[in-house]
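Chains as they are written, first to last, in the working numbering: chain B, 855 to 1141; chain C, 855 to 1141.
Protein chains: 2
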Amino acid sequence: MRDINEANITDAVIQRLADTPDPRLKQIVTGLVRHLHDYVRDVEPSFEEWQLAIDYLTRVGQTCTDKRQEFILLSDTLGVSMLVDAINHRLPEGATETTVLGPFFVAGLPELPPGTNIAGNISGEPLFVGGKVMSAGTGHPLAGAVIDAWQSDDDGYYDVQRPELTEPALRGRFRTDAKGYFHFWSITPHSYPIPDDGPVGAMIRATKRHPYRPAHVHFMISAEGHETLVTHIFAEGDPYLDSDAVFGVKDSLIQTFAAREPGMAPDGRAVTTAWRTLERDFGLKPT
Amino acid sequence: MRDINEANITDAVIQRLADTPDPRLKQIVTGLVRHLHDYVRDVEPSFEEWQLAIDYLTRVGQTCTDKRQEFILLSDTLGVSMLVDAINHRLPEGATETTVLGPFFVAGLPELPPGTNIAGNISGEPLFVGGKVMSAGTGHPLAGAVIDAWQSDDDGYYDVQRPELTEPALRGRFRTDAKGYFHFWSITPHSYPIPDDGPVGAMIRATKRHPYRPAHVHFMISAEGHETLVTHIFAEGDPYLDSDAVFGVKDSLIQTFAAREPGMAPDGRAVTTAWRTLERDFGLKPT
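Set out below in structure tokens:
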């Protein structure tokens, strides 16, 4: 087609994709063209606005490093990541709900003995985390399920954001026992801001939003014959539960991190300061 | 809102933008969320597909340098740039149609005397370019209009793509005389591929498209009291007129680059080889 205009350009571009060999790629790119053109027709950007959008996306790409993924953060803060999550996790009764993976997961950690304290030398209020992993529906305990847990420190940073740390901290991998139980020690998490010194932070400020996430512990749990569960458990009472910067909160994932007096912990350890417990069971969807 | 799900997330994100102080920014970001969520609901990306999209956009951003703008190229090859162009140039009778600026414009060149050969030492078939600039509607000639012209060489490269060149080549700035006329010398342009060694090239190959643009000369023409015109003139007969990789062709911008025998040119210059003429008038929209 050699006479492109406002009325025919979308069909012309889609026509040009007609020979795409992979039908799924064809669907994805064709849908992109249709929805992107709809968006442009809807807001009618001026040439200067379009150029600002190009510059913005370029800065997002150039802010990414091997330690920071600004496009994931943009997807998170526009609610796209949670929508993708929801679409991919239409769950049966008894299955724990999912939420965003976030940019701070580290794969391939070594397995730790039950009861290990993943806080290492990092200070904070002691937190005992324990629970049971079950198959959703039947409620059968899952022995040998693998649990990755990770969280931020009292300043809101994950270990991968602290270049001075050479070992994993506030993250660990555990395995459930014959009855499906696991437990470990950590510290009580706090709410924290997402990294807001880049283009996503600029968007957050320009739209008068705040950058905070409510306090949470991340979990990734996998077991044979089941879909891997990616979720958080959020702390009841956190002031940001209603306005998580990445829209990740679900009612069923909010839990009381129960305050305890000094005394004996469930694993027999004597605790001399105030501490908390997070007791939570998980249900995995059979595949 | 603390119980985000597939049905309510779009409204939850839009609600979060409610306090955006700039109403135009609010419209642009709200529209982005609505259309982006529609797209995700339409194609239902798997988590792996969403991650591939994140990786792709990251590579596009990281391919950009001060000499290369891969996001503009992506916008061009998805027809978005031409759609933005069309929306911003609903033109009156007599006005020359517009097309994409492209990534190779250089601002602030010094003005050259009429008849200068902008090819410098670059070899090619001589091309005489001449015409008249008028006000659309009345047809009054515009004296003192400023014309920027630029084009690629016989290998398909612009000067800014050749690091060994230290001076502008195949680009120049001219001014119309009292009767609105201008003329200069160059070489006959050829069709050429867009830069296809990056993520946009990968998209072009995966969708079985070709990366070629039909032969053209770029023009940017500005005159007091008129909108600046950004356009190309395309060569009649080029095999890629019907399938320009960036959807930039309009019928009214196709012109014969007329073949001439050795002899006398319109400006009195004697040409000893075969040469061509591009004679073309331009109409500018009054502001």
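Built from N, CA and C at the ideal position, the CB exists for glycine as well.
Item	Value
Suppose you measure from the CA of C:A1089 to the CA of B:F1101; what does that come to, to the nearest Å?	53 Å
Is the segment 1020 to 1032 of chain B touching the segment 1123 to 1133 of chain B, taking contact as three or more C-beta pairs under 8 Å?	no
Can you tell me the Cα-Cα spacing of C:T874 and C:S935, whole angstroms?	27 Å
Determine, for B:S1076, whether the minimum Cβ-Cβ distance to residues of chain C falls below 8 Å.	no
Just the C-alpha distance for B:F1136 and B:A1003, rounded to the nearest angstrom, thanks.	13 Å
Identify every residue that forms a DSSP beta bridge with B:Y1066.	B:P1047
If you reduce the DSSP assignment to three classes, tell me which class B:A866 lands in.	helix
For C:V883 and C:Q923, I'd like the C-alpha separation in whole angstroms.	23 Å
For C:A1113, I'd like the list of residues in its chain whose CB is within less than 6 Å of its CB, leaving aside the five on either flank, ordered along the chain.	R1130
Applying the 10 Å Cβ sphere with the 16-neighbour rule, what's the burial state of C:V914?	buried
Taking B:V1000 as the reference, which of B:H891, B:E1081, B:G885 and B:F925 has the closest Cα?	B:E1081
Does any residue of chain C have a CB that is nearer than 8 Å to the CB of B:P1049?	no
Quick test of the definition: if touching needs 3 or more C-beta pairs under 8 Å, does the segment 897 to 910 of chain C touch the segment 948 to 957 of chain C?	no
Using CA atoms only, rank isn't needed, just tell me which of C:D857, C:L981 and C:F958 is closest to C:S1040.	C:L981
Determine contact between the segment 1017 to 1028 of chain C and the segment 1055 to 1066 of chain C, defined as no fewer than three beta-carbon pairs at a distance below 8 Å.	no
Please list, in chain order, all residues of the same chain as C:I858 whose beta carbon is under 7 Å from its beta carbon, the five residues on each side excluded.	A866
With 16 other CB atoms within 10 Å as the buried threshold, where does C:M988 fall?	buried
Quick one: which residues of the segment 890 to 901 of chain C get their C-beta closer than 9 Å to a C-beta of chain B? List them in chain order.	L890, H891, D892, Y893, V894, R895, D896, V897, E898, P899, S900 and F901
Sort B:V1084, B:R856, B:N862 and B:Q1109 by Cα distance to C:I941 and report the nearest one.	B:N862
Let me know the secondary structure DSSP gives B:K880 once reduced to three states.	helix
Going by DSSP in three states, C:A1117 sits in which element: helix, strand or coil?	Per the sequence shown, the amino acid found at residue 1117 of chain C is Gly instead of Ala. Note: C:G1117 maps to strand in three-state DSSP.
Go to B:R1059, then tell me how far its alpha helix (DSSP H) extends in each direction, as first and last residue.	P1053 to A1060
Could you tell me the alpha carbon to alpha carbon distance between C:N971 and C:Y1011, rounded to whole angstroms?	18 Å
DSSP on C:M988, reduced to helix/strand/coil?	strand
Please confirm whether B:L879 has its beta-carbon closer than 8 Å to some beta-carbon of chain C.	yes
Rounded C-beta distance between C:L879 and B:A1060? I'm assuming under 8 Å.	6 Å
For C:E1078, I'd like the list of residues in its chain whose CB is within less than 6 Å of its CB, leaving aside the five on either flank, ordered along the chain.	none
My assumption, with CB atoms under 8 Å, is that B:K1139 sits in contact with B:L945. Please give the rounded CB distance.	6 Å
What residues from chain C crowd round B:K921, counting only those whose CB sits closer than 8 Å?	Simply none; closest approach about 13 Å.
Taking only beta-carbon atoms, is C:L937 less than 8 Å away from chain B?	yes
Between B:K921, B:G998, B:H1044 and B:F1028, which has its C-alpha nearest B:G978's C-alpha?	B:H1044
By a C-beta neighbour count over all protein chains shown, 10 Å radius and 16 as the cutoff for buried, is C:G1122 buried or exposed?	exposed
Does DSSP put B:V1125 in a helix, in a strand, or in coil?	strand
Run down chain B in chain order and give the residues with a C-beta less than 7 Å from the C-beta of C:V887.	L932 and G933
Between C:S929 and chain B, is the shortest Cβ-Cβ distance under 8 Å, so that the two count as touching?	yes
Ignore the nearest five residues each way along the sequence and tell me which others in B:T953's own chain have a CB closer than 6 Å to its CB.	T1085, H1086 and G1102
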